[in-house]
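S.K.: Following this message is one structure expressed as structure tokens.
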Amino acid sequence: MELQNTVKEALNALYHHPDDAVRMQADRWLQDFQCTIDAWQESISYCFCYSFVLYCGVLLMRNKELLW
Numbered sequence: 000m001e002l003q004n005t006v007k008e009a010l011n012a013l014y015h016h017p018d019d020a021v022r023m024q025a026d027r028w029l030q031d032f033q034c035t036i037d038a039w040q041e042s043i044s045y046c047f048c049y050s051f052v053l054y055c056g057v058l059l060m061r062n063k064e065l066l067w
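Using numbering that gives the first Met the number 0, the first residue of the sequence shown is number 0, and each one after it goes up by one.
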């Protein structure tokens, strides 16, 4: 659960933090995390977590709105 919260915090920082340095740090952490064994297990657990799927969907729609 702690790792899941860390991933959520990093994603939130990546997409919403006003400081570029914080966003870059979050991006680097997420990229490093993707190379770990834990990343696969966490990604599977997110598929079964409705609130996280909803959160990602909202982020996707918001980012599309900002780009269009």
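No residue lacks a Cβ here, since even glycine has one placed at the ideal position from N, Cα and C.
May I ask you to report which of helix, strand or coil DSSP gives C55?
M.R.: Of the three classes helix, strand and coil, the one that applies to C55 here is helix, per DSSP.
S.K.: By how many angstroms is the C-alpha of Y14 removed from the C-alpha of D26?
M.R.: One C-alpha to the other measures close to 9 angstroms.
S.K.: Select from D37, P17, V57 and Q24 the residue whose C-alpha is nearest the C-alpha of E1.
M.R.: Answer by Cα proximity: D37.
S.K.: Could you tell me the distance, in whole angstroms, from the CA atom of E8 to the CA atom of Q24?
M.R.: The straight-line gap from Cα to Cα measures roughly 12 angstroms.
S.K.: Identify the continuous alpha helix (DSSP H) that holds T5 and give its terminal residues.
M.R.: Run containing T5: E1 to H15, per the alpha helix (DSSP H) assignment.
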